[in-house]
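Protein sequences appear in the order of chains A and B. With numbering that gives the first Met the number 0 applied, the first sequence covers 0 to 166. With numbering that gives the first Met the number 0 applied, the second sequence covers 0 to 110. What follows is one structure encoded as structure tokens, with my remarks underneath.
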Amino acid sequence: MTPDQFKSEMISLLPRLRRFAVQLTSSGPDADDLLQDFCSAALQKWYMYDPNQQLDLWLFRVARNLWVSELRKRQVRFGAGEVPAEDSTEVTTEQSHEDLITAREVHSRVQSLEQDLSQTLSLVCAEGYSYREASELLGIPIDTVMSRVHRARKLLVSRIVAEEGVA
Amino acid sequence: MTRDLSEQLSAYIDGELDQAEMSAVAQRLETDKNARAGLDRLKAADALALAMFDKDISDPVSLDLVKSIKAATLETPVQEVSRSAPRPIWSSLAAGLILLGLGGVGGYQFD
């Protein structure tokens, strides 16, 4: 594949790549930043692309790796701002502290669960990837892909049913 | 079959069951009204999902990004030139012998 062919195919894939970026980040501005960053990374690493594999899958993988690395950096950045419990000057009862942790955990679990489901469903349902391709792309077992796709559909079914119930 | 019917139907939509399971589900769908209703609900969920995902794809991509990709110069890194192989031991020995010979001849001439 020539450099011009690579660039031209990459441009034609941009809408799908942006959609994947939206799925990964759950945020429009973050998605645009990610798209910009991974396009730049892909152009730099283009010589590593094996023309025997699908370019879209390769680009999706570059995007996902970049996003995972960005998330790690953010964890370190935000983690650095935390104050050790013994240094805390705020007076909190044990109960309220527990409540806070539980609320955070629940919030993060719900958020991450929905995002995982949505990402997986998007790859299978919208991108048309097989369970194997989606599993390789997301770095999860095929059974997990199957289960996530199913749970995502069930969740949507329950939303449809709820909306029909309201109407 | 350890998967529940709903999960089977979901994988059936994606054509991800093995041949035996695909046939079994297809057969069940012919006779089981509830299974057919379940399949229809999952398909309706797919339609909703596709509408959601298509919304994301219809958002315009930055024209600046397209321009920057077009303008990019793609480079293939030049492979590091491998260091020349070390000279074989015999070449060092030969060089040493020549120097010794020259030294001997020189010494003889100045005597």
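Ideal Cβ placement from N, Cα and C applies to all residues, glycine included. Small disclaimer: the values here were computed from a predicted structure and weren't measured.
As assigned by DSSP and simplified to three states, the class of residue i
i                         : result
methionine 0 of chain A   : coil
serine 9 of chain B       : helix
valine 60 of chain B      : coil
tyrosine 46 of chain A    : helix
glutamate 74 of chain B   : coil
glycine 127 of chain A    : coil
isoleucine 97 of chain B  : helix
serine 26 of chain A      : coil
aspartate 15 of chain B   : Here the sequence assigns glutamate to residue 15 of chain B, which means aspartate is not the residue at that position. It is coil, neither helix nor strand.
arginine 2 of chain B     : coil
isoleucine 139 of chain A : coil
glutamine 53 of chain A   : coil
For residue i, the first and last residue of its enclosing alpha helix (DSSP H)
i                     : result
alanine 25 of chain B : 18–30
Sequence-distant residues of its chain with Cβ nearer than 8 Å to residue i (five each side left out)
i                        : result
aspartate 49 of chain A  : Trp57
isoleucine 12 of chain B : Leu38, Leu41, Lys42, Asp45
methionine 47 of chain A : none
Check: residue i C-beta below 7 Å from any heavy atom of the ligand NAD
i                     : result
lysine 153 of chain A : In the structure shown, the ligand NAD is absent, as is every other ligand, since no ligand is present at all.
6 Å CB neighbourhood of residue i in its chain, flanking five on each side removed
i                           : result
arginine 27 of chain B      : Ala34
aspartate 25 of chain B     : A small correction: the amino acid at residue 25 of chain B is alanine; aspartate does not occupy that position in the sequence shown. Cβ within range, chain order: n/a, list empty.
leucine 54 of chain A       : Glu8
glutamine 114 of chain A    : Ser25
tryptophan 45 of chain A    : Phe5
phenylalanine 59 of chain A : Phe19, Leu136
Same chain, Cβ closer than 7 Å to residue i, neighbours up to 5 away in sequence not counted
i                            : result
leucine 4 of chain B         : Ala34, Gly37
serine 117 of chain A        : Gln22, Ala151
phenylalanine 140 of chain A : It is proline, not phenylalanine, that sits at residue 140 of chain A in the sequence shown. Cβ within range, chain order: Ser134.
Name the residues in the stretch 115–144 of chain A whose C-beta lies less than 8 Å from a C-beta of chain B; which are they?
Leu120, Ser121, Val123, Cys124, Ala125, Ser129, Tyr130
Along the stretch 7–34 of chain B, what residues have a CB closer than 7 Å to any CB found in chain A?
Ser9, Ala10, Asp13, Glu15
Would you list, in chain order, the members of the stretch 46–60 of chain B that have their beta-carbon closer than 7 Å to a beta-carbon of chain A?
Leu47, Ala48, Leu49, Phe52, Asp55, Ile56, Asp58, Val60
Output, in sequence order along the chain, the residues in the stretch 60–74 of chain A whose CB is closer than 7 Å to any CB in chain B.
Under the 7 Å Cβ criterion, the stretch 60–74 of chain A contributes no residue.
To be precise: take each residue of the stretch 2–19 of chain A, compare its Cβ to all Cβ atoms of chain B, and keep it if any distance is under 8 Å. Which residues remain?
Pro2, Phe5, Lys6, Met9, Ile10, Leu13, Pro14, Arg15, Arg17, Arg18
So if I threshold CB-CB distances at 7 Å, which residues from the stretch 38–56 of chain A count as touching chain B?
Cys38, Leu42, Trp45, Tyr46
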